[in-house]
Amino acid sequence: MFSLQVSAASSRRLVPAAVLGLLLLGSCSKDKEPDVVTPAAPAVVTFTQAGLYPEGVQYDAANTRFLVTSLTTGRVGQVKDDGTYSTAFPDDPKLVSAIGLYLDEPRNRVLAAISDPGANAARSTATTQGKLARLAIFNRSAPTAAPTIVELGTLRPALAHFANDIAVDAQGNAYVTDSFSNLIYKVDPQNNATVFLEDAARLGTPAAGAFGFNGIVVHPDGYLLVAKSDNGVIYKVPLTNPAGYVPVATTQNLMAADGLLLQDNNTLQVVSNAQAKVFRLATTNNFGAATLSGTFATKAEFPTTLTQRAGNSYVLYANLDALFSGRMPAVSQYSINRVTFQ
51 MFSLQVSAAS SRRLVPAAVL GLLLLGSCSK DKEPDVVTPA APAVVTFTQA GLYPEGVQYD
111 AANTRFLVTS LTTGRVGQVK DDGTYSTAFP DDPKLVSAIG LYLDEPRNRV LAAISDPGAN
171 AARSTATTQG KLARLAIFNR SAPTAAPTIV ELGTLRPALA HFANDIAVDA QGNAYVTDSF
231 SNLIYKVDPQ NNATVFLEDA ARLGTPAAGA FGFNGIVVHP DGYLLVAKSD NGVIYKVPLT
291 NPAGYVPVAT TQNLMAADGL LLQDNNTLQV VSNAQAKVFR LATTNNFGAA TLSGTFATKA
351 EFPTTLTQRA GNSYVLYANL DALFSGRMPA VSQYSINRVT FQ
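Here my numbering is used: the first residue of the sequence shown is 51, the next is one more, and so on.
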């Protein structure tokens, strides 16, 4: 997800495709019902919201909307195809900055990674800035219910923290990356949190304000694929033996790797915000190694994360450079763009 280099002072995934439904002619009826028309997937959805700075995106096919996070408000909002933005779930004081997002369809949950990079003027504090990692869990079938908040950073209170991205396995376990401490947390379906992967000796600790572990996806064959922004490496992490993680061999430069999307069992898409590209990697040996099979050049608007809609990939342009550089005007317009590989 987010991988902008910021100072200490300022600091998915597979979403199921939309189902094309047809009203079938009944065997005893002579009247044919009209077909249900599913809107064509747009090339781009542009939306305006003053100073929103979204980072995570997921497509919610059941409600025909994109869900997006916000660094400056901590809220999870929705974007319709006509560009209309509105808040999707309740606010909570513990939602400082919402980063990565995951729509858990089987359990009707929306999960958001919560951090404090100093972007929310109303909620960032000296106690939490650069030290916060939380998981917020919303109930999609009860959208007015308060979120469940799971504390993650308190598992390692002496470290810096930035909860970044989320993936969920078939059993409902959530895995959350921490970019400032190079940890992966595991939150079980009962919301019990543990440290799933920790290896400072091999992984190191990112420099102040730099980003390590970032985007994450679960592969159905029983492992995680995790991007590490500061060295451009994708790691393969077995779910049953996280200490046995290994880098995915590739010659492709993946520096500033951010969001990941598993297109299919043999194809991984990787966003690099600094390179302004989405890379498509293919494997023939279960991600022991991967080779480049396509690229998509984005606009220089800080692409962050990916989602899938009706078989199409979409990337969010978040314009986060403007938020933290201090050299650009505030941004109010953002876009979600269909990816076409070359």
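Cβ coordinates follow ideal geometry from the N, Cα and C atoms, glycine included.
All of these numbers come straight from a predicted model, not from anything done at the bench.
Could you tell me which whole beta strand (DSSP E) segments of length 3 or greater appear in the segment 231–311? 233–237, 243–248, 263–269, 273–278 and 283–288
Based on Cα-Cα distance, which residue from Tyr-135, Ala-112, Leu-117 and Thr-114 lies nearest to Gln-383? Tyr-135
CA nearest to the CA of Thr-348, picked from Thr-341, Asn-362, Tyr-367 and Ala-340: Tyr-367
Local Cβ density within 10 Å of Phe-212, reported as buried at 16 or more and exposed below that: buried
List the DSSP bridge partners of Pro-353. Tyr-367
For Asn-316, name the three-state secondary structure that DSSP assigns. coil
Does the ligand ZN have even one heavy atom less than 8 Å from the beta-carbon of Ala-243? In the structure on display, the ligand ZN does not appear, and there are no ligands present to speak of.
What are the residues that DSSP puts in a beta bridge with Ser-136? Gln-128
Among Thr-194, Pro-104 and Gln-108, which has the Cα closest to the Cα of Gln-358? Gln-108
Answer yes or no: do Leu-356 and Val-365 have a C-beta to C-beta separation smaller than 9 Å? yes
Can the beta-carbon of Ala-112 be found less than 9 Å from the beta-carbon of Val-126? no
Kindly give me the distance between the Cβ atoms of Ala-183 and Gly-168, rounded to whole angstroms, as I take these residues to be in contact under 8 Å. The Cβ separation is near 15 Å, so there is no contact.
What is the C-beta distance between Val-338 and Asp-308, in whole angstroms, given that I count them as a contact (C-beta under 8 Å)? Position check: residue 338 holds Gly in this sequence, whereas Val was assumed. About 23 Å; that fails the 8 Å criterion.
Pair every Cβ in the segment 190–209 with every Cβ in the segment 142–161, then say whether three or more of these pairs are closer than 8 Å. yes
Could you check what DSSP says for Leu-434 in three-state terms: helix, strand or coil? This structure cannot settle anything about residue 434, because the visible part of the chain is limited to 51 through 392.
Cut-off 7 Å between Cβ atoms - residues of its own chain near Phe-246, not counting five sequence neighbours on either side: Tyr-225, Ile-234, Tyr-235, Lys-236 and Pro-292
CA-CA distance, Asp-314 and Ala-176? 42 Å
Answer yes or no: do Ala-332 and Ala-340 have a C-beta to C-beta separation smaller than 9 Å? yes
Is it the case that the Cβ atoms of Ala-172 and Gly-106 are separated by a distance below 9 Å? no
Give a yes or no on whether the C-beta atoms belonging to Ala-360 and Ala-91 are separated by under 9 Å. yes
For Ala-208, count neighbouring C-beta atoms within 10 Å of its own C-beta (all shown protein chains included) and say buried if the count is 16 or more, exposed if not. exposed
Measuring only the C-alpha atoms, how far is Asp-228 from Ala-380? 27 Å
Under 9 Å between the Cβ atoms of Leu-310 and Gly-282? no
To the nearest angstrom, how far is the alpha carbon of Gly-272 from that of Arg-377? 44 Å
Indicate the three-state DSSP secondary structure (helix, strand or coil) for Ser-375 in the structure shown. helix
Under 9 Å, do Thr-255 and Ser-279 count as touching if we go by C-beta distance? no
Within 10 angstroms of the Cβ of Phe-391, are there 16 or more other Cβ atoms? Answer buried if so, exposed if not. exposed
Between Ala-251 and the rest of its own chain, which residues show a CB-CB distance below 6 Å, the 5 nearest in sequence each way excluded? none
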